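Asks: Take this structure first; my questions come after.
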Amino acid sequence: MAGLKYQAPRGTFDVLPDAARSRGRVEHAAAAIFARAGYEPIATPSFEDTELFERGVGHSTDIVRKEMFTFEDKGGRSLTLRPEGTAPICRAYVEHGMQQLAQPVKLCYRGPFFRHERPQAGRYRQFHQLGAEAIGADSPLADAEVIGLLAGLLAELGVPGVELRLGSLGSLDARRAYLDELKAHLRAHEDELAKEVRERIDANPLRAFDSDDEGTRAVMAAAPKLVERLDGDDAAHFEEVRALLDAAGVEYTIDPALVRGLDYYTRTIFSFVCNRLGAQSEIGGGGRYDGLIEQLGGKPTPAVGWAAGIERIVLALDEEVAAAGRDVFVATAGEEHGDRSLALVLAGELRKAGLSAEVDLGGRSLKGQLKQADRVGARRVVILEGGGAAQLREMASGEQRSVDAGNLIEEITGGEA
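In terms of our numbering, the sequence shown opens at residue 275 and continues consecutively.
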């Protein structure tokens with residue numbers, strides 16, 4: 275139909291080559307850091323049983339109540355595009371008997387995730403995250419290590435204006451006692467709270483700390499803070515995490531009002547924020563989730579991890595990554611079929627030898643091919659002249675010499691392969 279235009283769905287975007295290079299730098303740096311620390315890659319499906327998220331993430335969370343993309347398959351089963359990565363990884367840990375492996379099982383991942391949110395800078399309906407999980411260790415060392423991985427990644431990438439905020443939610447038992455105290459405080463000031471906060475006093479009172487409503491913020495400024503109520507093992511765990519981060523030189527700020535948007539967190543929680551991202555300032559975060567695997571049908575298993583938004587990291591970096599130049603561009607002086615075939619074969623052989631090589635696909639003249647070689651940043655150009663003759667041109671100097679067409683690989687690589 276004339277004039278019909280298709281666009282990417284609202285809240286999604288195309289990753290074009292320039293942006294793909296920036297994202298690639300982030301992903302490659304993360305993969306190297308994960309590998310050096312012994313975190314093995316895992317990939318889970320893009321959709322799961324809806325109940326996995328309802329049970330794992332929590333019925334009262336905004337993610338489950340408002341943001342999930344849920345649908346019925348042809349068999350009438352309720353499925354949901356994954357809104358986060360930890361619950362699926364824990365499901366895989368239980369399903370595949372990974373508790374039988376040496377613990378902790380250290381895993382890393384990257385991929386697309388989906389939430390039905392209002393699109394804005396740094397927040398999309400399809401977004402991409404990378405993350406790390408250490409499953410099967412209750413030691414504060416695991417908390418400090420995973421925090422250090424994300425701190426190291428952001429430092430290595432050169433993300434500016436990053437601050438680590440650290441808190442603790444205590445154990446599930448300690449939190450239950452605290453929540454009774456918090457609910458009492460909220461009910462005492464119920465008339466001053468936002469409507470949404472009032473509706474969730476019983477279901478999820480901790481989310482009141484995240485409210486942007488002025489009246490609610492004033493109430494929460496005077497609210498009891500869980501991190502100030504820690505005692506016994508919870509207090510000792512949090513103190514040890516802080517001591518380990520201090521020893522590792524990881525700077526942080528204690529945030530007594532820090533909460534997470536998922537119900538499964540216990541004890542250590544953390545958030546890396548970036549002052550270049552405005553309202554959506556979190557670049558990554560996570561914490562400990564010691565009860566989640568048991569909740570999903572496994573044995574009681576401590577675990578800690580984090581996720582970071584690739585789009586948010588790229589947005590914070592605000593940089594352009596130049597395209598890599600080519601080692602060789604293979605050109606032909608004439609239009610003979612044999613020369614074009616030889617160019618394609620030669621390019622393939624150069625790639626097998628470990629060099630980047632490109633051949634003209636546009637039917638350009640020799641002059642046009644040399645311009646194209648310059649556009650793609652080729653260091654050298656092989657010009658096939660027919661009859662077994664060839665020239666090797668150094669693009670930086672413009673120097674050109676005859677080479678043996680039957681021995682081009684050795685002539686070009688010069689021992690580089």
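Note that CB positions come from ideal geometry on N, CA and C, so glycine has one too.
Please read these numbers as outputs of a predicted model, since none were measured by experiment.
Looking at C-alpha atoms only, which residue of 373, 458, 652, 645 is the closest neighbour of residue 475?
Replies: It is 458.
Asks: Which value, in whole angstroms, describes the spacing of the CA atoms of residue 421 and residue 666?
Replies: Between residue 421 and residue 666, the C-alpha separation is close to 52 Å.
Asks: Within 10 angstroms of the Cβ of residue 296, are there 16 or more other Cβ atoms? Answer buried if so, exposed if not.
Replies: The residue in question, residue 296, is buried, as its Cβ has 16 or more Cβ neighbours within 10 Å.
Asks: Return helix, strand or coil for residue 367, following the three-state DSSP convention.
Replies: Of the three classes helix, strand and coil, the one that applies to residue 367 here is helix, per DSSP.
Asks: Between the Cα of residue 529 and the Cα atoms of 522, 547, 521, which residue gives the shortest distance?
Replies: Of 522, 547, 521, the residue nearest in Cα terms is 547.
Asks: Roughly how many angstroms lie between the CA atoms of residue 286 and residue 354, to the nearest whole one?
Replies: Straight-line Cα distance between these residues: approximately 17 Å.
Asks: Could you give the residue range of the alpha helix (DSSP H) that holds residue 354?
Replies: No alpha helix (DSSP H) holds residue 354; the beta strand (DSSP E) holding it covers 352-355.
Asks: Can you tell me where the beta strand (DSSP E) with residue 390 in it begins and where it stops?
Replies: Residue 390 -> no beta strand (DSSP E), and no H or E assigned at all.
Asks: Using C-beta distances below 6 Å, list every residue in its chain close to residue 643, excluding the 5 sequence neighbours before and after it, in chain order.
Replies: Contacts found: 605, 634.
Asks: Going by DSSP, what residue range makes up the beta strand (DSSP E) through residue 344?
Replies: Unbroken beta strand (DSSP E) run through residue 344: 344-346.
Asks: Nearest to residue 617 by CA position, among 591, 595, 336, 679, is which residue?
Replies: Considering only alpha carbons, the answer is 679.
Asks: Around the C-beta of residue 333, are 16 or more other C-beta atoms found within 10 angstroms, so that it is buried, or is it exposed?
Replies: Answer is exposed; the Cβ neighbour count stays below 16.
Asks: Go through its chain and collect everything with a Cβ distance to residue 397's Cβ below 6 Å, but skip five positions before and after it.
Replies: Here the set comprises 391, 554.
Asks: Is it the case that the Cβ atoms of residue 599 and residue 655 are separated by a distance below 8 Å?
Replies: In this structure, residue 655 does not lie closer than 8 Å to residue 599 by Cβ.
Asks: Could you tell me whether the Cβ atoms of residue 543 and residue 558 are closer together than 8 Å?
Replies: Taking 8 Å as the Cβ cut-off, residue 543 and residue 558 do not qualify as a contacting pair.
Asks: May I ask you to report which of helix, strand or coil DSSP gives residue 686?
Replies: Note: residue 686 maps to helix in three-state DSSP.
Asks: Over what stretch of residues does the alpha helix (DSSP H) that includes residue 296 continue unbroken?
Replies: Counting along the chain, the alpha helix (DSSP H) containing residue 296 begins and ends at 291-310.
Asks: Just how far apart, CA to CA, sit residue 551 and residue 580?
Replies: Distance between the alpha carbons of residue 551 and residue 580: 19 Å.
Asks: Identify the residues that DSSP records as bridge partners of residue 438: which are they?
Replies: Looking at the DSSP assignment, residue 438 forms a beta bridge with 546.
Asks: Thinking just about the alpha-carbon of each residue, which of 418, 372, 291, 306 is nearest to the one in residue 572?
Replies: Cα-wise, what sits closest to residue 572 is 372.
Asks: Per DSSP, what kind of secondary structure is residue 319 in: helix, strand or coil?
Replies: Residue state, collapsed to three classes: coil.
Asks: For residue 383, which of helix, strand or coil comes out of DSSP?
Replies: Looking at residue 383 - three-state DSSP - the assignment turns out to be strand.
Asks: Under a Cβ-count criterion, where at least 16 other Cβ atoms within 10 Å of its own Cβ denotes burial, should residue 490 be classed as buried or exposed?
Replies: So residue 490 counts as buried.
Asks: Alpha carbons only, please: which of 321, 647, 356, 327 is nearest the one belonging to residue 347?
Replies: Of 321, 647, 356, 327, the residue nearest in Cα terms is 321.
Asks: Just grab the DSSP bridge partners of residue 571 for me.
Replies: Residue 571 pairs with nothing; no bridge assigned.
Asks: Cutting at 8 Å between CB atoms, please list the residues of its own chain near residue 596, excluding the five before and the five after it.
Replies: Correct list, in chain order: 295.
Asks: Going along the chain, which unbroken runs of the beta strand (DSSP E) with 3 or more residues stay wholly within the segment 605-633?
Replies: DSSP runs (the beta strand (DSSP E)) wholly in the segment 605-633: 631-633.
Asks: Are three or more beta carbon pairs between the segment 370-384 and the segment 301-315 nearer than 8 Å?
Replies: Short answer: they touch.
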